[in-house]
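*Asks:* Protein chains in written order, with numbering that gives the first Met the number 0: chain E, 0 to 71; chain B, 0 to 136.
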Amino acid sequence: MSKTKNDIPAIEAGKPITIEAESRQDATEQLNALRKQAEGDGLTQTEGGFIEYQRTAEGEDKFSAVITFNKL
Amino acid sequence: MALNKVMGQNFRAFIAGAAVNEATNCQVTIQGNVEDASTKDSVGGWNEEQMTSKQWSVQVDNIDASLSNLRALITRFNSDSTTTVGWDQTSGSQNRVAQNAAFARSGQAILNDLSIATPNRQTITVSCQYQGSGALS
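This is how it looks when you write it as structure tokens:
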């Protein structure tokens, strides 16, 4: 599983990608950037994309999501 | 009917990052507890309220009576620990792909109510309530 923060990783069909952000808006923008790139690569989102919110023990907001694309 | 309305089938609960299998219904409740903050300065006979605390919960009904799902739910209930719970608009294959809609939210919640109905010769139904623990964002 590849992991990224604010950069767009290479998308491999069937390989889950994890994104992390400090705000829901940033997480959404990262996911949208991935979707746009995937569309250009002829891939479709098939799983995930749900943004999970958690407040860390240090009191910081953390937003993360796992998204998977495949060739349909 | 407006075309931009969200239909019930596309409003799905997500538990631990995944849309709930074979869900038939989900209900989101967000409540604020208030207390009367009226003073002698309040006019017109109307109460003035102030929020003292907030709470949220997600109830999900489904028909996934697989052994793995029932075992996982009982294990989760017994663990007393929180898991990520939330909701989003969905589409795509099996209608499980999150769309990051403007109303999507998530947070940590405890599975505090689990019921399994097993009527003879009918589909088993599972009902879970997750009580939010901490902020919803």
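For every residue, glycine included, the Cβ atom is placed at its ideal position computed from N, Cα and C.
Comparing the C-beta of Ala137 (chain B) with each C-beta of chain E, is any distance below 8 Å?
*Replies:* The structure shown does not extend to residue 137 (chain B), since chain B is modelled only from 0 to 136, so the question has no answer here.
*Asks:* When you compare the CB positions of Thr23 (chain B) and Asp60 (chain B), do they come within less than 8 Å of one another, or not?
*Replies:* The answer is yes: Cβ separation under 8 Å.
*Asks:* Assuming Ala37 (chain E) contacts Phe68 (chain E) under a Cβ cut-off of 8 Å, what Cβ separation, rounded to an integer in Å, is found between them?
*Replies:* With 8 Å as the limit, Ala37 (chain E) and Phe68 (chain E) qualify as a contact, their Cβ atoms being about 4 Å apart.
*Asks:* Specify, as a first and last residue, the run of the alpha helix (DSSP H) that Ile73 (chain B) falls within.
*Replies:* 66–78 is the extent of the alpha helix (DSSP H) around Ile73 (chain B).
*Asks:* Does DSSP put Gln128 (chain B) in a helix, in a strand, or in coil?
*Replies:* Correct three-state label for Gln128 (chain B): strand.
*Asks:* Which residues of the region 69–94 of chain B have a Cβ closer than 8 Å to any Cβ of chain E? Give them in chain order.
*Replies:* For the region 69–94 of chain B, which is checked against every Cβ of chain E, the residues closer than 8 Å are Thr83, Gly85, Asp87, Gly91, Ser92.
*Asks:* Would you mind stating whether Gln44 (chain E) and Gly91 (chain B) have Cβ atoms separated by less than 8 Å?
*Replies:* Cβ distance < 8 Å, so Gln44 (chain E) and Gly91 (chain B) count as in contact.
*Asks:* Tell me, please, whether the CB atom of Thr45 (chain E) is closer than 8 Å to any CB atom in chain B?
*Replies:* Answer yes: the Cβ-Cβ gap between Thr45 (chain E) and chain B drops below 8 Å somewhere.
*Asks:* Does any C-beta atom of chain B lie closer than 8 Å to the C-beta of Phe49 (chain E)?
*Replies:* Taking Cβ atoms only, chain B reaches closer than 8 Å to Phe49 (chain E), which makes this a yes.
*Asks:* Examine chain E for any beta-carbon lying closer than 8 Å to the beta-carbon of Phe13 (chain B), and answer yes or no.
*Replies:* Yes, Phe13 (chain B) counts as interfacial toward chain E.
*Asks:* Could you tell me how far apart the beta carbons of Ala64 (chain B) and Glu47 (chain B) are, in whole angstroms, since I believe they sit closer than 8 Å?
*Replies:* That belief does not hold up - the Cβ atoms of Ala64 (chain B) and Glu47 (chain B) are roughly 50 Å apart, past 8 Å.
*Asks:* Give me whichever residues DSSP pairs with Arg104 (chain B) in a beta bridge.
*Replies:* Answer is B:Trp86.
*Asks:* So what does DSSP say about Asp40 (chain E), is it helix, strand or coil?
*Replies:* Here Asp40 (chain E) sits in coil by DSSP.
*Asks:* For a cutoff of 8 Å on Cβ pairs, would you count Gln26 (chain B) as touching chain E?
*Replies:* Chain E, which has no Cβ nearer than 8 Å to the Cβ of Gln26 (chain B), makes this no.
*Asks:* Looking at the unbroken beta strand (DSSP E) that takes in Asp60 (chain B), where does it start and where does it end?
*Replies:* Residues 48–61.
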